[in-house]
Structures are given as structure tokens and as C-alpha cells.
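Contents: one structure, followed by commentary.
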Amino acid sequence: MMIIQSLARRPGAVQPLAGASRRLQRTSPCLNRRAYNVPTLENHLVLQKKGIPGLLTRRGFNTAYTNYEQHMIDELNISTDGTIFANQEPKSLVIETARDPTKAYLFNVASMAFNNHFFFRGINTNPDVQSQPSTEVRNQINRDFSSMETLRETFLGTAEAMFGPGFVWLVQTNDTTIGSFRILPTYLAGSPLSHAHYRRQSHDLNTHNAESHQTLNKVGTFGSAAKQNTGPKKPLGGVDVVPLLCVNTWEHVWLLDYGVRGKRKFLEAWWDKIDWAVVGQNATYLPKQGSSQFMYD
1 MMIIQSLARR
11 PGAVQPLAGA
21 SRRLQRTSPC
31 LNRRAYNVPT
41 LENHLVLQKK
51 GIPGLLTRRG
61 FNTAYTNYEQ
71 HMIDELNIST
81 DGTIFANQEP
91 KSLVIETARD
101 PTKAYLFNVA
111 SMAFNNHFFF
121 RGINTNPDVQ
131 SQPSTEVRNQ
141 INRDFSSMET
151 LRETFLGTAE
161 AMFGPGFVWL
171 VQTNDTTIGS
181 FRILPTYLAG
191 SPLSHAHYRR
201 QSHDLNTHNA
211 ESHQTLNKVG
221 TFGSAAKQNT
231 GPKKPLGGVD
241 VVPLLCVNTW
251 EHVWLLDYGV
261 RGKRKFLEAW
271 WDKIDWAVVG
281 QNATYLPKQG
291 SSQFMYD
């Protein structure tokens, strides 16, 4: 009964997913065009055949990216077909649906598609290249975390301590009082995107008692401001952040290759495979030499 109720939250989900998908593909012009497709990664065909050396086996990669990302893409095609959301980029869908509790399923699917792709896009898939941070990125890390080793231990410790699935992000902020580079955990399909803050969970409910929970938005409401504010979509008190890199802590990513007790080993292997060139591309700095500030696009 609980499973049926859960699935019913997505329109049409009481039908078998595979059967519903095939029926929609036959009857929907939008789905026949496949508005959404799995993004291609660098060395994609090689990854599908061999996995990511030093991180994921062929089976592990295809479970975590090929199959899971395809599932999210299929759900995006189904959920947006014939709606005003059709053909919008997943990132835009995350922002557009963040304030509407009736679009929770679409938000979750779009956010997971974006987050998972962002995670894999930030991995160095070339076994012959050892990626290193640029001088600018390393200097900023030293300013905000004192050293690369401190960032590593803090980042991996945060990810290892997450009791439940989600993502841990290295983000860049424009608030110099808290530092430019910061670590941000998001749970489940939570998003780091600034205009999606209405759905970002600011506290780990596993560590908060019933009294402290009363100060948080009630589940399903997302705050009165989210529904009444007709101005800018950025919530009050939100901090603008630019995501630089992230690690996916969902169990399906690491369980096959590392086992039940292998989360830490997976995290350490992932750290050694970060594509720091992508991190540098995501970060945007002011041209002033030695400045820790930056600008947005």
C-alpha cells in the first residue's frame, strides 16, 4: 500500500514504469523526438566498456551513470511531455519547479539528472593524466582551508559522515565573510543552485530534536514566502553559490565495487580522480591579481 501511494505521487506512475514509458513513446511526438538524452562524457564509449580505472569497474560505471542517468532522462521525458516544461534544460527545471510543491517529482528528477551528470563530468577519465589544481585554485583553497590536505580531510569526512544519500559540493560564494570556497552537503535530490534554495534542506533532521524541527518549514509547504513572493526567485537569506565539484554518496554509485563498508575507500579513490581543470573552469575570478573575490556570468 505504501509503495502504491508513493508511486502515485507521479502522475500515471501506478502503471508499470516500463510499460508506461513504451506507451508514451508510441503516442507522444515529443517523446519520439526524445527531448532529453543522456549527456555524453569524455571518453564515453571507453568508459562504458572498461569503467573508470582506479574508481569504478565497467559494471559500476554503467549502474551509476549509464543506467541511472538514463532512468532520470526517461522520467524527464515522461514528466515534461506535453507540458510547459518540455525542452527546458534540467538546470532550468530545477530552478523553475523549486518553489512549487506540486512539482516535487519533476524537481527531484531534474535535480538528480543535473547533479549526477555534474558529478561524473568532474571526474578525470584519462588514466594517462594526473590532474592537479591550477595555481589560482590552489591559492584559493589555501586561503579558505589553510591547505589542500585540510580540504581533502574535511570534504571526505563530511561525505563519509552523511547518514543517507546525497551529494557533497565544493562551492564558491560571493560572501567574503565566510570565505570564497565552502563545503555544502545536500541530501537526496537537494540542489546547490542559488535559486533553488526553497527546497534545499539546511539542517540534517537526523541530528535535530522535535523542538528544533518546529523552526523549519513544514514538509510540503516550502515556506509561505515561496508561494507568496512575486518578486525575484532567490529566497531571503540565500547565499549565491557556484558549484565547482561534487561527490555522489548514493549507495548505488559505490556499493557494487566497494561493498557495504567501502564508502570511505570509494571517497578516497574519487578524490584522486577529480578533474581539477573542470573545477577551474567552473570558478570565475576577478582579473585583479591576488584577489579572492570573483564574478558571476
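Residue numbers for the sequence shown follow the UniProt record's numbering, beginning at 1 and rising by one.
Here a beta-carbon is modelled for each residue, glycine too, at the ideal position from N, C-alpha and C.
Item: When DSSP labels each residue in this structure, what does Arg182 get in the three-state scheme?; Value: strand
Item: Between the alpha carbons of Lys91 and Asn108, how many angstroms are there, rounded?; Value: 11 Å
Item: When DSSP labels each residue in this structure, what does Phe266 get in the three-state scheme?; Value: helix
Item: I'd like to know if the segment 260 to 272 and the segment 72 to 87 are in contact, where contact means that at least 3 CB-CB pairs between them fall below 8 Å.; Value: no
Item: I need the straight-line Cα distance from Asn62 to Leu255, nearest angstrom please.; Value: 13 Å
Item: Is the beta carbon of Val242 less than 8 Å from the beta carbon of Thr284?; Value: yes
Item: Residue ranges of each alpha helix (DSSP H) run of no fewer than 4 residues wholly in the segment 35 to 84, ordered along the chain?; Value: 44 to 50, 58 to 61 and 68 to 80
Item: Looking at Cys246 and Ala155, is the spacing between their C-beta atoms short of 8 Å?; Value: Note on residue identity: the sequence assigns Phe, not Ala, to residue 155. Cβ atoms of Phe155 and Cys246: not closer than 8 Å.
Item: To the nearest angstrom, how far is it from the Cα of Thr125 to the Cα of Val137?; Value: 20 Å
Item: Going by C-alpha to C-alpha distance, which of Phe85, Arg58, Asp100 and Met112 sits closest to Ile73?; Value: Met112
Item: Shortest alpha-carbon distance to Ala196 belongs to which of Val46, Phe114 and Lys49?; Value: Phe114
Item: Could you say which of Arg59, Phe120, Asp257 and Asn116 lies nearest to Glu43 if we only look at CA atoms?; Value: For the record, residue 43 in the displayed sequence is Asn; it is not Glu. Out of Arg59, Phe120, Asp257 and Asn116, Phe120 has the C-alpha closest to the C-alpha of Asn43.
Item: Sort Phe167, Pro133 and Glu96 by Cα distance to residue 302 and report the nearest one.; Value: Not covered by the structure: residue 302. The range shown for the chain is 1 to 297.
Item: Contact defined as beta carbons within less than 8 Å: I believe Thr249 pairs with Gly166. What is the distance between those atoms, to the nearest angstrom?; Value: 6 Å
Item: Our contact map puts Leu244 next to Leu170 with C-beta atoms below 8 Å; I'd like the distance itself, whole angstroms only.; Value: 5 Å
Item: For Met162, which option in Thr66, Tyr36, Glu251 and Thr40 has the closest C-alpha, if you only look at C-alpha atoms?; Value: Glu251
Item: Are Trp140 and Ser194 closer than 8 Å when you measure CB to CB?; Value: Sequence check: residue 140 is Gln here, not Trp. Cβ atoms of Gln140 and Ser194: not closer than 8 Å.
Item: For Ser191, count the other beta carbons within 10 Å of its own beta carbon; 16 or more makes it buried, fewer makes it exposed. Which is it?; Value: buried
Item: Does the distance from the CB of Asp257 to the CB of Leu56 come in under 8 Å?; Value: yes
Item: Is the Cβ-Cβ distance between Ile123 and Ile183 less than 8 Å?; Value: no
Item: Can you name the start and end residues of the alpha helix (DSSP H) that Phe119 belongs to?; Value: Ala104 to Arg121
Item: Output the boundary residues of the alpha helix (DSSP H) element that contains Thr284.; Value: From DSSP, Thr284 is part of no alpha helix (DSSP H); its letter is neither H nor E.
Item: Could you tell me which of Lys103, Glu69, His71 and Asn67 sits nearest to Ile84, measuring between CA atoms?; Value: Lys103
Item: Around the C-beta of Gln289, are 16 or more other C-beta atoms found within 10 angstroms, so that it is buried, or is it exposed?; Value: No answer about Gln289 holds up, because its pLDDT of 41 lies below 50 and its placement is not dependable.
Item: Near Gly82, which residues of its chain fall below 6 Å by C-beta distance, leaving aside the five closest residues on each side in sequence?; Value: none
Item: Is DSSP giving Gln140 helix, strand or coil here?; Value: helix
Item: At the level of alpha carbons, what is the spacing between Thr135 and Val168?; Value: 23 Å
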